[in-house]
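Here the protein sequences come in this chain order: X and L.
For the first sequence, the numbering used here assigns the number 113 to the initial residue and increments by one for each residue that follows.
For the second sequence, the numbering used here assigns the number 450 to the initial residue and increments by one for each residue that follows.
Note that CB positions come from ideal geometry on N, CA and C, so glycine has one too.
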Amino acid sequence: SRAVPLARKASLVKFLEKRKERMINT
Amino acid sequence: QLQPSSSATTTTITTNNINNDTRNGSFFNQDSLQQRLQLLIDGSMESWTYAIFWQSSFEPVSNTSMLGWGDGYYRGCEDEKKTLAVPGTEEYIAVQAHRKNVLRELNSLISGPSTSGEDSVGDEVTDTEWFFLVSMTQSFVTGIGLPGMAFFTGVPSWVAGTDQLVSTPCERARHAQVSGMQTLVCVPVGNGVVELGSTEIIFQNSGILNKVRLVFNFDVQDGGGGG
Numbered sequence: 113s114r115a116v117p118l119a120r121k122a123s124l125v126k127f128l129e130k131r132k133e134r135m136i137n138t
Numbered sequence: 450q451l452q453p454s455s456s457a458t459t460t461t462i463t464t465n466n467i468n469n470d471t472r473n474g475s476f477f478n479q480d481s482l483q484q485r486l487q488l489l490i491d492g493s494m495e496s497w498t499y500a501i502f503w504q505s506s507f508e509p510v511s512n513t514s515m516l517g518w519g520d521g522y523y524r525g526c527e528d529e530k531k532t533l534a535v536p537g538t539e540e541y542i543a544v545q546a547h548r549k550n551v552l553r554e555l556n557s558l559i560s561g562p563s564t565s566g567e568d569s570v571g572d573e574v575t576d577t578e579w580f581f582l583v584s585m586t587q588s589f590v591t592g593i594g595l596p597g598m599a600f601f602t603g604v605p606s607w608v609a610g611t612d613q614l615v616s617t618p619c620e621r622a623r624h625a626q627v628s629g630m631q632t633l634v635c636v637p638v639g640n641g642v643v644e645l646g647s648t649e650i651i652f653q654n655s656g657i658l659n660k661v662r663l664v665f666n667f668d669v670q671d672g673g674g675g676g
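Structure (structure tokens):
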């Protein structure tokens, strides 16, 4: 019941990855 | 937990999944969509903060055509620190605590609980990041809201400037404005709508509209390879 639908999950993964990159670069 | 701060925004979780759409082979898959969204705004002369693809679907129970989350790419903006609440205030601390908790939970849902003791969230979650995240929970009835209207009419909508966003009869446009966005563009494509947002005022130009049509030309017959 807590599963994130696939499209949103993929988008979230990308978002969190990019966010981590931005934090490292600043 | 991932709810918009604005109470009037329609929030519905739908089960649409673009990976199920095999009409054009890999043309619709998630990686391809992500690449297309990145291509649109990473190479742009304009400072677009994010790009979202709203995927159309049909809800047989309600006999309604809907637009739901297909994919999105958050590029960020120069002034990431813009927040509604004043830093240091109780409101600010509460808002940030809530956002970080949501992000931590999402992170652990995807990656599992952090074992290193390192904070998986880090910096503050800005209003524009939050606006993008909340968008993942939203959907629109065709004909309603900026994305729904663009899809229904087949005509792009381009709203630039605070006054224009506030006066547009669309809850998403107002939510965008209070989240720091100054430009919102919705371009209908084959089976959905591409939405672009920016924290800067970007006036209408044919360049990006043509680029969206080129990058999201779902009518192209390329053997399903994605071009």
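Counterpart residues of residue i in DSSP-defined beta bridges
i, result
"F502 (chain L)", "L:D520 and L:V643"
"E508 (chain L)", "L:T513"
"C635 (chain L)", "L:S606 and L:E644"
"V590 (chain L)", "L:M515"
Residue i to residue j span [Cα, whole Å]
i, j, result
"F665 (chain L)", "V642 (chain L)", "10 Å"
"F507 (chain L)", "V661 (chain L)", "24 Å"
"I501 (chain L)", "Q487 (chain L)", "10 Å"
"F652 (chain L)", "C526 (chain L)", "17 Å"
"S514 (chain L)", "S505 (chain L)", "7 Å"
"D520 (chain L)", "L595 (chain L)", "17 Å"
"T538 (chain L)", "V544 (chain L)", "10 Å"
"S597 (chain L)", "G561 (chain L)", "Residue 597 (chain L) is actually Gly in this sequence, not Ser. So the alpha carbons of these two residues sit roughly 36 Å apart."
"I559 (chain L)", "P605 (chain L)", "35 Å"
"L124 (chain X)", "Q483 (chain L)", "12 Å"
"S496 (chain L)", "G639 (chain L)", "25 Å"
"D480 (chain L)", "N137 (chain X)", "24 Å"
"V551 (chain L)", "L582 (chain L)", "10 Å"
"G629 (chain L)", "Y541 (chain L)", "16 Å"
Selection from the options that minimises the alpha carbon distance to residue i
i, options, result
"R131 (chain X)", "L:V574, L:V638 and L:E495", "L:V574"
"S584 (chain L)", "L:Y522, L:P509 and L:S481", "L:Y522"
"E649 (chain L)", "L:L614, L:E620, L:N640 and L:S655", "L:L614"
"Q590 (chain L)", "L:S655, L:S481, L:G561 and L:W503", "According to the sequence shown, residue 590 (chain L) is Val rather than Gln. Answer by Cα proximity: L:W503."
"V535 (chain L)", "L:G561, L:L516 and L:D576", "L:D576"
"F127 (chain X)", "L:M494, L:F580, L:P562 and L:Y541", "L:F580"
"E133 (chain X)", "L:D572, L:S655, L:N659 and L:E644", "L:D572"
"E620 (chain L)", "L:N640, L:I593 and L:C635", "L:I593"
"L633 (chain L)", "L:G492, L:M494 and L:T498", "L:T498"
Residue i: contacting residues in chain X (beta-carbon distance under 7 Å)
i, result
"L555 (chain L)", "L124"
"G519 (chain L)", "A119"
"D572 (chain L)", "M135"
Interface partners of residue i on chain X, CB under 9 Å
i, result
"Q483 (chain L)", "A122, S123 and K126"
Sequence-distant residues of its chain with Cβ nearer than 6 Å to residue i (five each side left out)
i, result
"P637 (chain L)", "A599, F600 and G603"
"W518 (chain L)", "M585"
"T617 (chain L)", "V608"
Beta carbon proximity, residue i to chain C, threshold 8 Å
i, result
"Y523 (chain L)", "Checking the listed chains, one finds no chain C in this structure; the protein chains it contains are X and L."
Beta-carbon proximity list for residue i, same chain, < 7 Å, skipping 5 on both sides
i, result
"T611 (chain L)", "Q626 and Q631"
"A546 (chain L)", "none"
"R485 (chain L)", "V664 and F665"
"A622 (chain L)", "L595, V608, L614 and L633"
Within chain X, partners of residue i - CB distance below 8 Å
i, result
"M585 (chain L)", "R120, S123 and L124"
"I559 (chain L)", "V116, K121, L124, V125 and L128"
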